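Novice: The listed protein sequences correspond, in order, to chains A and B.
Using the working numbering, you'd call the opening residue of the first sequence number 5 and step up by one each time.
Using the working numbering, you'd call the opening residue of the second sequence number 208 and step up by one each time.
The C-beta atom is built at its ideal place from N, Cα and C for all residues, glycine as well.
The structure presented is a predicted model; accordingly, all values stated were derived computationally and were not measured.
Let me give you the structure first, and then I'll get to my questions.
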Amino acid sequence: MTSATDVPAAALQLRDVALRFGGVTALAGISLEVERGELFALIGPNGAGKTSVLNCVSGLYRPASGSIAAIDRRGVRRYVHTLPPHRIAAMGVGRTFQNIELFKHMTVLDNLMLGRHVHMTGGVLSGGLYWGGQQRVEIEHRKQVERIVDFLRLEPLRDSEVGNLAYGDQKLVELGRALALDPSLLLLDEPMAGMNAEEKESMARFVLDVNQEWGVTVVVVDHAIDVVMEIADRVAVMDFGEKIAEGAPQQVRADPAVVTAYLGRQEGAAT
Amino acid sequence: MDAFLQLTVSGLSNGTTYALAAAGFVVVYKASDVINFAQGDLLLLGTYLIFFALAQAGLPWSVGVLVVVLMAVAAGLAVERLVLRPLVGEPVISMVMATIGLSSVLRALVNAVWGPRPRSFESFLPEGEVALGSAVVSAGRLLSIPIALAVLGGLGLFFRYARDGIAMRAIADDQQAALSMGISIPRVFGVAWGLAAVSAAVGGIMLANVVGVSPNVSAIGLRVFPVVVLGGLDSIGGAVIGGVAIGLLEVYAGGYLGHGLSLVIPYVVLLLVLMVRPYGLFGKEVIERV
């Protein structure tokens with residue numbers, strides 16, 4: 005199931021993905037396509053299933069049915085719904101989490117270096133003993149990490165233990181760690197949650213840069229609808245585990261189903 | 208003064224062996240949060256394997272040690288693959304219970320193969336005694352100290368610098384994040400159990416030399432618990448300090464206060480330390496904001 009498929013277009017494709025927890029249906033047959041190079045936003049009320057979509061793509065949840073295909077670093081599309089999470093990460097699907105999941109007892113640099121894990125090929129012995137050009141490899145990884153430190157302006161924090169950082173900075177480190185993976189597809193779960201307007205704006209700037217300058221396909225889930233609508237190329241709206249709308253931001257904003265999902269149905273009003 | 212030096216050497220030699228067994232325990236706990244009740248029995252297996260390799264198979268000691276270490280790796284990997292991997296995703300307590308079962312199985316296995324009698328084993332560490340000032344200490348015991356420290360140092364370096372060591376720390380810190388970094392949990396758990404078995408085997412080899420080959424070794428393995436609780440469940444350095452501390456306390460108590468107390472004093476100190484530092488001397492404090 006890991007073989008390349010010949011359909012070239014989408015960077016991420018979900019077909020009829022269903023997910024259930026016991027009797028609860030989290031995803032009721034979702035289909036989505038994210039184009040290469042796109043900045044795609046997934047929005048919807050709490051419990052709509054947005055995070056479940058990301059967890060299915062990154063392999064933390066296994067869908068009950070349906071298929072998921074994503075592009076790897078060479079641009080080859082592969083089915084991922086049968087792969088274990090570490091293999092999906094290794095092929096170039098990076099992500100961040102809604103509730104920050106950092107290695108809290110390590111420094112910012114160590115967290116970013118761990119993001120390089122999939123690119124480190126040394127075994128138990130060669131890595132441990134610094135054999136076989138490991139030093140040169142290490143320097144190369146450090147360079148990549150420094151590039152990310154510069155980009156996210158984390159310079160003053162590089163040697164701080166992550167658990168001690170401010171919330172907004174932790175969010176940035178998590179983005180940096182996902183970037184260190186050198187992702188072909190980046191999944192961001194509420195990167196702007198809990199931030200003030202200024203922080204939101206700079207996070208939005210970074211996400212846009214990653215997408216436009218680094219050429220990474222981005223799927224972002226967030227409640228900051230105003231910001232998301234501004235930066236996304238396309239938006240899909242979810243409610244109760246189903247996709248209720250999809251399209252360009254202004255188009256989706258006007259969709260009556262979306263208005264109903266967010267504002268509730270007016271008593272007696274026709275839909 | 209002579210007695211003190213003699214006691215110190217034998218305390219350090221016991222203590223570093225405890226530390227080796229404890230370090231294996233810590234590696235598994237760090238990687239998977241599993242409290243490994245079978246660590247003492249891996250130690251037991253180590254003593255009998257070296258007995259088998261040298262006394263029964265007649266290998267020279269250098270080859271024998273290598274063979275035992277390799278067999279330990281295989282045993283560790285097998286335990287991970289057959290006992291623990293089927294339980295991945297189950298509550299940690301299930302895995303802990305499985306290690307209790309594993310402990311009984313290992314002990315019974317050793318008993319079935321080699322019988323309950325103590326076996327005679329010709330030590331390959333140098334016989335005889337060394338004069339340290341006015342004290343006379345056994346050369347084997349003295350030599351076991353640097354050997355154990357070297358293995359422990361290697362483990363420490365592994366955690367600090369090796370890819371799998373760092374991956375292990377990452378998994379211990381945040382499993383979900385580790386997965387999304389492309390870290391393979393089965394691989395890391397396998398490495399952890401391999402290392403746990405190797406450090407237990409080296410400890411077992413030294414026990415075979417210093418104490419002898421008998422089923423009682425698994426009782427020595429029980430010392431792992433005060434050691435790791437004292438040092439902190441997740442700290443290799445803590446295992447070393449805890450091991451040496453318990454080893455010294457035992458012999459000092461035995462030497463100066465009488466044999467009966469040597470079994471009790473380590474636990475008294477343990478309780479006192481836990482009152483002040485509930486996570487052990489070097490354990491990571493687990494505080495989670497909910």
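Output, in sequence order along the chain, the residues in the region 349-371 of chain B whose CB is closer than 9 Å to any CB in chain A.
Specialist: Here the close residues are Gly361, Leu364, Phe365, Tyr368, Ala369, Arg370, Asp371.
Novice: Indicate whether Gln383(B) and Glu105(A) have their beta-carbon atoms separated by less than 7 Å.
Specialist: Yes; because the gap between Cβ atoms is below 7 Å, this pair is in contact.
Novice: In whole angstroms, what is the alpha-carbon distance linking Gly247(B) and Ala228(B)?
Specialist: Using only the alpha carbons, I get a separation of about 7 Å.
Novice: Taking Asp441(B) as the query, report the chain D residues whose CB atoms sit under 9 Å from its CB, ordered along the chain.
Specialist: Given the protein chain composition of this structure (A and B), no chain D is represented.
Novice: Bridge partners of Val241(A), per DSSP?
Specialist: BP columns for Val241(A) point to Ile47(A), Ala249(A).
Novice: Taking Cβ to Cβ, would you say Thr223(B) is nearer than 7 Å to Ile352(B)?
Specialist: Contact flag set, yes.
Novice: Taking one C-beta from the region 209-227 of chain A and one from the region 51-69 of chain A each time, how about it: are there three or more such pairs within less than 8 Å?
Specialist: Output reads yes: the region 51-69 of chain A touches the region 209-227 of chain A.
Novice: So, with DSSP's three-state summary, where would you put Leu185(A)?
Specialist: Correct three-state label for Leu185(A): coil.
Novice: Measuring CB atoms only, is the region 237-246 of chain B touching the region 395-415 of chain B, in the sense that at least three cross pairs come out at less than 8 Å?
Specialist: Cβ pair count under 8 Å is three or more, so yes.
Novice: Can the beta-carbon of Leu350(B) be found closer than 7 Å to that of Leu332(B)?
Specialist: For Leu350(B) and Leu332(B), yes; Cβs fall inside 7 Å.
Novice: Below 7 Å on C-beta distance, what does Ala374(B) contact in chain A?
Specialist: In chain order: His121.
Novice: Taking CB distances under 7 Å as the criterion, tell me whether Met388(B) reaches chain A.
Specialist: Closer than 7 Å: yes.
Novice: Determine, using beta carbons only, whether His109(A) comes closer than 7 Å to chain B.
Specialist: Chain B contact via Cβ: present.
Novice: Which residues of chain B have a Cβ atom closer than 8 Å to the Cβ of Ser164(A), listed in chain order?
Specialist: Residues of chain B passing the Cβ test: none, with the nearest at roughly 16 Å.
Novice: Under three-state DSSP, which class holds Glu165(A)?
Specialist: Looking at Glu165(A) - three-state DSSP - the assignment turns out to be strand.
Novice: Mind checking if Glu42(A) is an interface residue toward chain B, Cβ cutoff 7 Å exclusive?
Specialist: Not closer than 7 Å to any Cβ of chain B, the Cβ of Glu42(A) fails to qualify, so no.
Novice: Output yes or no for whether 7 Å exceeds the beta carbon distance between Ala408(B) and Ala260(B).
Specialist: Not a contact, by the Cβ cut-off of 7 Å.
Novice: Any beta carbon of chain A sitting closer than 7 Å to that of Gln213(B)?
Specialist: Not one chain A Cβ lies under 7 Å of Gln213(B).
Novice: DSSP on Val295(B), reduced to helix/strand/coil?
Specialist: The answer is coil: DSSP assigns Val295(B) none of H, G, I, E or B.
Novice: Could you pull the DSSP bridge partners for Asp193(A) from this structure?
Specialist: According to DSSP, Asp193(A) bridges with Val225(A).
Novice: Quick check on the DSSP output: what are the complete alpha helix (DSSP H) runs of length 4 or more inside the region 387-445 of chain B, in order along the chain?
Specialist: Within the region 387-445 of chain B, the complete alpha helix (DSSP H) runs of at least 4 residues are 392-417, 424-428, 431-438.
Novice: Of the residues Gly283(B), Arg367(B), Gly490(B), which one's Cα is nearest the Cα of Arg394(B)?
Specialist: Nearest C-alpha to Arg394(B): Gly283(B).
Novice: Taking just the CA atoms, how far does Pro49(A) sit from Tyr266(A)?
Specialist: Cα-Cα distance, rounded: 7 Å.
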